[in-house]
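Asker: Residue numbers (the UniProt record's numbering), protein chains in the order written: chain D, 1 to 413; chain F, 1 to 413.
Heads up, the beta-carbon is just placed ideally off N, CA and C, and yes, glycines get one too.
Protein chains: 2
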Amino acid sequence: MAGPLSDLHIVDLSTYVAGPSAALALAQLGADVVRIDPLGGATDTRRLPLAPDGTSLYWAGLNRYKRSVEVDLRTAQGRDLVRSLLACGGDGHGILITNAVGQSWLDYEDLRRSRPDLIMIHIAGRVDGKPAVDYTVNAEVGLPWLTGPSDSSAPVNHVLPAWDLLTGLHASLALVTADRERRRSGNGQYIRINLSDVAVTTMAHLGFIADAAVNGSQRLREGNYLYGSYGSDFATRDGRRVMVVALTARHWAKLVQLTGVGDVITALEHSLRVDFSQEQVRYEHRDVITALLTPWFAARAHADVVRELDDGQVLWGDYRRVDELGRHGDSPVSTSGLFVDVDQPGAGRYPVPRSALRTSGWEGPTPRPPARVGQDTADILQEWLQMPREKLVELQHAGVIAGASPRREGQLT
Amino acid sequence: MAGPLSDLHIVDLSTYVAGPSAALALAQLGADVVRIDPLGGATDTRRLPLAPDGTSLYWAGLNRYKRSVEVDLRTAQGRDLVRSLLACGGDGHGILITNAVGQSWLDYEDLRRSRPDLIMIHIAGRVDGKPAVDYTVNAEVGLPWLTGPSDSSAPVNHVLPAWDLLTGLHASLALVTADRERRRSGNGQYIRINLSDVAVTTMAHLGFIADAAVNGSQRLREGNYLYGSYGSDFATRDGRRVMVVALTARHWAKLVQLTGVGDVITALEHSLRVDFSQEQVRYEHRDVITALLTPWFAARAHADVVRELDDGQVLWGDYRRVDELGRHGDSPVSTSGLFVDVDQPGAGRYPVPRSALRTSGWEGPTPRPPARVGQDTADILQEWLQMPREKLVELQHAGVIAGASPRREGQLT
């Protein structure tokens, strides 16, 4: 079957990472996502990294599988058009994702007058209205002081916008749940998700807040060790790095066996009266374990380390550089089997993934370039609002809408 | 209304972060989640951080709002019990989340013989069956070489298990979508989600893979700078740190105004013939911007910096330490308003959050301690399987089930 959410018609008026990634996850499940793009595209359409022709590869990644209506959002007519797109249609319509701030024309109670069962997902920074982005909320939950080598004297930010991405998926889960509920009860829902709330509640789920409250938090920065169990990075003879983890007793047994440190470990266990098959014990003695294992890695070239770790069924990962994330033999881009090479006019040809969900019965959208800004303006206004052609031409000439492609059916000019 | 997913009855046979966080997100939306705990609890029930009495605060955080059935999963009778819990019940039953590896008694096709519309969410490491955990897949997608100060010579791991958490939310989104589809078509679904797939597809959504393929990736490690725009950390006179971001032209204008560098910036813009209101330009000139702004922060005490940044409407975040994540005046634990102090017998009293979703009409579960391992064994076998009391006693005496509390109704011994 086609994507299971193909009966959902979502208006996506969001920028940067959280909102667009929420809509992307839904589009990959088949939802019809209509981006509302301001004239010329929002600022994030020019965000780095860029292809040589100036196309934003970042924006392309997050905005694939969505259609685009290009509207002058500064005009009353443009805003009314968006409100009409939210008010129209049947069961699967009337759904908005937005991170727009302080836009009174998007007031939920006001929008509900035209569409009483509206579902609105409002992504924001903080509950008090103060702005926040991934990097500021990450600083506030304390992780940068726990990241990096133990002798660092400054906080170290993460590079993955994890809070944005988590907020996006919470938003998509909330949206599908709200639609499910609306189909049963007929009631819409306003759902506000603040980046700051997602960060601090997640820190609570992982035990950080309880640890601070109950123990005053004993956690220190400790480089690439894995807190609470055993995991460490090692350098190979030729200067490559691998991450090795022994989370379970079985992982640990395999690692000890491969590296031949069994006798020393047994002697240590006897003299210290501990059992290294317990993860807490491995964590406590992580420095001595690392010291014992380091020579094994330092004595071998990377290629041999890779082969032996695999053959020995050790849990490990290779430290790859992002520029190696192409179609190399053992890159996850190749081994996942999820990527399809896509030609994006102007930007070039590059691997684009299918959905990460491998299902027994669903088919997600086929990897393709994102819709250009305004590519679907005419189609959507005709489909959703049954707007007559003359009205489209009038709005286009007045500069309220833009972007109808001269080469596509439904062209306006 | 109660949680919108209160008609879902989910069997959660998962450990560590991804599976338990998936089930937690659903439980916070009202789903009835039944954890299957092996006798004495899985290894993650003893994971750090611990309360002084040995209770895992980590495990408590991820396993709240779930009921617990304690079963000897090594026995055929115990496995049959779990299979019965998956086969029983009406529309909202027949849903499994698991990260169990190589368990033939949990084979999807086999389970479907008793429950043809079963929904099974299978969380795994990699498509080829090789194990992977957050820290190994993170190494493989290249982020640790982009994290940390620009003069670092080694990879820097993240501390937040972001890939686990993202995988968990993808799983919860997939589950609700599968239930929605099943209610319409009657069809179940097998959904496999590999950590490695989530990581590499997310890297593609963010433009990393395209950048590598099209440009050979120009990204270098660059400390706490925000890639593609302007963001940097600054030290205050008294040695505290703040993260300051100018993502939009407005943020930039506010920052320039507050720090009084407007004239210098204008002169720079003229001489360089650039416009710093463009984020790409700010990114390109991040070092000179930081050099110009540093004295402002270095001249002021933290308390003054905080006040002036807030008054000046600058986008910023305070670098807090995790041990400051208690109920301090301006900690997000306090300011979010989401936390309730909960007494957890043995562990102590600490703040536990409500759901991060602020909704117009839903009520999530009230913060409370997690169910003890086996706390609901008798209740669930009676409710779900209508198991007679004699049978319960027999299974308990045979050691197949455990955990019925002697103080609760439905007690067995």
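Consider the Cβ of F/Asn-215: report whether some Cβ of chain D lies at a distance smaller than 8 Å.
Answerer: Numbered from its first residue, the second sequence carries residue 215 of chain F at position 215. Chain D, which has a Cβ nearer than 8 Å to the Cβ of F/Asn-215, makes this yes.
Asker: Please classify D/Gly-410: does DSSP put it in a helix, a strand, or coil?
Answerer: Counted from its first residue, the first sequence places residue 410 of chain D at position 410. Residue confidence is low: D/Gly-410 scores 47 on pLDDT, short of 50, so the model does not pin down where it sits. No coordinate-derived value is stated.
Asker: For F/Asp-67 and chain D, any beta-carbon pair shorter than 8 Å?
Answerer: Position 67 of the second sequence, counted from the start, is the residue given in the question as residue 67 of chain F. The question names Asp, but residue 67 of chain F in the sequence shown is Arg. No, F/Arg-67 lies away from the interface with chain D (no Cβ there is under 8 Å from its Cβ).
Asker: Cβ of F/Phe-234 within 8 Å of Cβ of F/Thr-136?
Answerer: As a working mapping, residue 234 of chain F is identified with position 234 in the second sequence. As a working mapping, residue 136 of chain F is identified with position 136 in the second sequence. No, Cβ-Cβ distance for F/Phe-234 and F/Thr-136 is not below 8 Å.
Asker: Helix, strand or coil, according to DSSP, for D/Ser-56 in the structure here?
Answerer: Residue mapping note: residue 56 of chain D aligns to position 56 of the first sequence, counting from 1. Note: D/Ser-56 maps to strand in three-state DSSP.
Asker: At the 8 Å Cβ level, is F/Leu-5 part of the contact set with chain D, yes or no?
Answerer: Here residue 5 of chain F refers to the residue found at position 5 when the second sequence is read from its first residue. It does; some Cβ of chain D falls within 8 Å.
Asker: Whose CA, out of D/Leu-169, D/Ala-60, D/Ala-402, lies closest to the CA of F/Leu-357?
Answerer: By 1-based counting over the second sequence, the position of residue 357 of chain F is 357. Ranking D/Leu-169, D/Ala-60, D/Ala-402 by Cα distance to F/Leu-357 puts D/Leu-169 first.
Asker: Who pairs with F/Trp-163 in a beta bridge, going by DSSP?
Answerer: Mapped onto the second sequence, residue 163 of chain F falls at position 163. Looking at the DSSP assignment, F/Trp-163 forms no beta bridge with any residue, so it has no partner.
Asker: For a contact meaning CB atoms closer than 8 Å, what does F/Thr-248 contact in chain D?
Answerer: Within the second sequence, the letter at position 248 stands for residue 248 of chain F. Those are Thr-43, listed as they occur along chain D.
Asker: For D/Arg-64, which of helix, strand or coil comes out of DSSP?
Answerer: The residue you call residue 64 of chain D lines up with position 64 of the first sequence. Reduced to three states, the DSSP call for D/Arg-64 is coil.
Asker: Quick check on DSSP: helix, strand or coil for D/Glu-70?
Answerer: Residue mapping note: residue 70 of chain D aligns to position 70 of the first sequence, counting from 1. Strand, per DSSP.
Asker: Could you have a look at F/Phe-234 and say whether DSSP puts it in helix, strand or coil?
Answerer: In the second sequence, residue 234 of chain F corresponds to position 234, counting from 1. Of the three classes helix, strand and coil, the one that applies to F/Phe-234 here is strand, per DSSP.
Asker: Would a check of beta-carbon distances place F/Val-322 closer than 8 Å to chain D?
Answerer: The sequence position of residue 322 of chain F within the second sequence is 322, counting from 1. Yes, because at least one Cβ of chain D sits closer than 8 Å to the Cβ of F/Val-322.
Asker: So, at 6 Å on beta carbons, what are the nonlocal neighbours of D/Arg-408 in its own chain, with the 5 sequence-adjacent residues on each side left out?
Answerer: As a position in the first sequence, residue 408 of chain D is number 408, starting the count at 1. Because the pLDDT of D/Arg-408 is 46, which lies under 50, any placement of that residue in the model is unreliable, and the question is left without a value.
Asker: State buried or exposed for residue 419 of chain F, treating a residue as buried only when at least 16 other CB atoms are found within 10 Å of its CB.
Answerer: Because residue 419 of chain F is not part of the residues shown, which for chain F are 1 to 413, the question remains open.
Asker: For a test of the three-state rule: what should DSSP assign to F/Gln-344, helix, strand or coil?
Answerer: One-based indexing of the second sequence puts residue 344 of chain F at position 344. Correct three-state label for F/Gln-344: strand.
Asker: Starting from F/Arg-286, find everything on chain D with Cβ-Cβ shorter than 8 Å and list it in chain order.
Answerer: Translated into the one-based positions of the second sequence, residue 286 of chain F becomes position 286. Those do not exist, as F/Arg-286 stays about 12 Å from chain D at its closest Cβ, beyond 8 Å.
Asker: Skipping 5 residues on each side, what residues in its chain have a beta carbon closer than 6 Å to that of D/Ser-114?
Answerer: For the purposes of this step, residue 114 of chain D is identified with residue 114 of the first sequence, where counting begins at 1. Taken in chain order, the residues that qualify are Ala-87.
Asker: For a test of the three-state rule: what should DSSP assign to D/Arg-282, helix, strand or coil?
Answerer: For the purposes of this step, residue 282 of chain D is taken as the residue at position 282 of the first sequence. Looking at D/Arg-282 - three-state DSSP - the assignment turns out to be helix.
Asker: So F/Leu-13 and F/Ala-100 are supposed to be a Cβ contact under 8 Å. How far apart are they, rounded?
Answerer: The sequence position of residue 13 of chain F within the second sequence is 13, counting from 1. The sequence position of residue 100 of chain F within the second sequence is 100, counting from 1. Yes, F/Leu-13 and F/Ala-100 are in contact; Cβ-Cβ is about 6 Å, under 8 Å.
Asker: Note down the Cα distance separating D/Gly-346 from D/Asp-318, rounded to an integer number of angstroms.
Answerer: If you number the first sequence from 1, residue 346 of chain D lands on position 346. If you number the first sequence from 1, residue 318 of chain D lands on position 318. If I take the Cα positions, the gap works out to 33 Å.
Asker: List the residues of chain D whose Cβ lies closer than 8 Å to the Cβ of F/Ile-193, in chain order.
Answerer: Stepping through the second sequence from its first residue, residue 193 of chain F is reached at position 193. What F/Ile-193 touches in chain D: Ala-356, Leu-357, Arg-358.
Asker: List the residues of chain B that F/Phe-208 touches, going by C-beta distances under 7 Å, in chain order.
Answerer: Looking at the structure shown, chain B is missing, and the protein chains on hand are D and F.
Asker: I need the straight-line Cα distance from D/Tyr-65 to D/Gly-89, nearest angstrom please.
Answerer: Counted from its first residue, the first sequence places residue 65 of chain D at position 65. Counted from its first residue, the first sequence places residue 89 of chain D at position 89. Rounded to the nearest angstrom, the two C-alpha atoms are 21 Å apart.
Asker: Throw me the rounded Cβ distance for the D/Thr-15 and D/Ala-42 pair, which I believe falls under 8 Å.
Answerer: Within the first sequence, the letter at position 15 stands for residue 15 of chain D. Within the first sequence, the letter at position 42 stands for residue 42 of chain D. Correct: roughly 5 Å between the Cβ atoms.
Asker: Strictly under 8 Å for the Cβ-Cβ distance: is D/Trp-316 near chain F by that measure?
Answerer: Here residue 316 of chain D corresponds to residue number 316 of the first sequence, with the count starting at 1. So yes, D/Trp-316 belongs to the interface.
Asker: DSSP has F/Leu-96 in a bridge; who is on the other side?
Answerer: As a position in the second sequence, residue 96 of chain F is number 96, starting the count at 1. DSSP lists F/Val-11, F/Met-120 as partners of F/Leu-96.
Asker: Give a yes or no on whether the minimum CB-CB distance between D/Gln-386 and chain F is below 8 Å.
Answerer: Counted from its first residue, the first sequence places residue 386 of chain D at position 386. Chain F contact via Cβ: absent.
Asker: Check whether the stretch 144–161 of chain D and the stretch 224–233 of chain F are in contact - that is, three or more C-beta pairs closer than 8 Å.
Answerer: Cβ pair count under 8 Å is three or more, so yes.
Asker: In terms of alpha-carbon separation, which member of F/Ala-213, F/Arg-46, F/Val-34, F/Gly-54 lies closest to D/Gly-326?
Answerer: By 1-based counting over the first sequence, the position of residue 326 of chain D is 326. Out of F/Ala-213, F/Arg-46, F/Val-34, F/Gly-54, F/Ala-213 has the C-alpha closest to the C-alpha of D/Gly-326.
Asker: Please report the residue range of the alpha helix (DSSP H) in which D/Pro-20 lies.
Answerer: Sequence index remark: in the first sequence, residue 20 of chain D carries index 20 (1-based). Looking at the DSSP string, the run of the alpha helix (DSSP H) that includes D/Pro-20 is 18–27.
Asker: The beta strand (DSSP E) with D/Pro-38 in it runs from where to where?
Answerer: Mapped onto the first sequence, residue 38 of chain D falls at position 38. Residues 32–38.
Asker: Cβ of F/Ala-204 less than 8 Å from any chain D Cβ?
Answerer: Counting from one through the second sequence, the residue named residue 204 of chain F turns up at place 204. It does; some Cβ of chain D falls within 8 Å.
Asker: Can you find the residues in the same chain that come closer than 8 Å, C-beta to C-beta, to F/Asp-72, ignoring five residues on each side of it along the sequence?
Answerer: Position 72 of the second sequence, counted from the first residue, corresponds to residue 72 of chain F. Same-chain partners within the cutoff: Pro-38, Leu-39, Gly-78, Gly-399, Val-400, Ile-401, Ala-402.
Asker: So with Cβ pairs under 8 Å, would you call F/Tyr-319 a contact of chain D?
Answerer: Mapped onto the second sequence, residue 319 of chain F falls at position 319. At least one chain D Cβ lies under 8 Å of F/Tyr-319.
Asker: In chain order, what residues of the same chain have a beta carbon less than 6 Å from the beta carbon of F/Ile-119, not counting five sequence neighbours either side?
Answerer: By 1-based counting over the second sequence, the position of residue 119 of chain F is 119. For F/Ile-119, where only same-chain residues beyond five positions count, the Cβ hits under 6 Å are Ile-95, Ala-178, Gly-188, Gln-189.
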